[in-house]
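Under the numbering used here, residues 1 to 206 are what the sequence shown spells out, in order.
The C-beta atom is built at its ideal place from N, Cα and C for all residues, glycine as well.
Data block below; observations after.
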Amino acid sequence: MPVTSSPPSPPSPSSPGGRPSRPVRRRRLLWHRLFFGIWLRPVDIMDEARDRGVWGAAAFLCVVCGTLGTLARESFWAQWRVGRALAVEAVAIADGVLLLASLLLGVVTHAIARRLGGNGRFAPTVTLFVVLFWATDLPRLALDVWLPSDSFAVRVAAWVTSGFGYAFAALLIRGQHHLPTHKAVAAVSIQMLAAVALLKFPTAGA
């Protein structure tokens with residue numbers, strides 16, 4: 001009596017030929033792609049970084065921007081002439097304070113977005129907010145190092161970069177927390193306006 005062989009089992013739907021599928025590895029979001037992508041294709045780069053915390057990039061930008069901001073102050077150069085060690089220590093303290101203050105702004109933004117009905121994750125929202133704020137402020141800081149803080153070019157750069165930072169922050173919160181545009185704008189308004197007034201338009205130069 002002939003033996004009938006059982007029909008072959010169908011291939012696994014997960015992959016051709018029945019082989020177990022492997023998890024798709026996403027491309028690493030390198031810092032230079034993040035920094036340039038914010039200016040060249042902000043919506044795409046923010047979508048790519050939706051569920052990634054970029055703590056290193058946020059800390060790096062705070063250090064760079066804090067250093068640039070300190071170098072633009074006459075008080076730093078006066079301290080440098082008196083004692084270089086103390087001047088370097090002042091830069092380190094300024095960088096640390098700026099990092100903590102920036103992270104606090106991101107935490108407040110995340111908390112307000114969640115209060116308005118958002119559902120975004122903590123680490124991506126906070127770190128990307130810091131990256132957006134300081135990446136858009138780099139042109140102004142670079143000018144401020146070489147030109148007087150009250151010069152026309154620095155003032156124009158402050159207004160322009162403030163506008164870009166505000167718009168990018170609203171886009172970030174809208175995408176991360178799936179909020180309508182008006183709620184995303186409300187989530188970033190208070191802390192963005194306060195930070196811009198204190199950091200970009202100080203009442204008195206140091």
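Apart from the 5 residues on each side of it in sequence, residue 153 sits with its Cβ closer than 7 angstroms to the Cβ of 143, 147 in its chain, given in chain order. Only residues of its own chain outside the window of five on either side were considered, and among them 181, 184 have a CB closer than 7 angstroms to the CB of residue 174, listed in chain order. Between residue 95 and residue 110, the alpha-carbon positions lie close to 23 angstroms from each other. Residue nearest to residue 59 within the set 104, 72, 36 is 104 (criterion: CA-CA distance).
Judged by DSSP in its simplified three-state form, residue 165 adopts helix. Straight across, the Cα-Cα distance linking residue 112 with residue 87 is about 37 angstroms.
Positions of the alpha helix (DSSP H) runs, each at least 4 residues long and wholly inside the stretch 46 to 131, are given as 55 to 71, 74 to 82, 84 to 115 in order along the chain.
A distance below 8 angstroms between beta-carbons, with the five flanking residues on each side excluded, links residue 179 to the following residues of its chain, in chain order: 113, 116, 117, 118, 173, 187. In terms of Cβ geometry, residue 200 and residue 167 do not form a close pair [threshold 8 angstroms]. Taken atom to atom, the span from the alpha-carbon of residue 91 to that of residue 79 is near 11 angstroms.
Listed in chain order, the non-local C-beta contacts of residue 42 below 8 angstroms within the same chain comprise 168, 171, local neighbours out to five positions each way being set aside.
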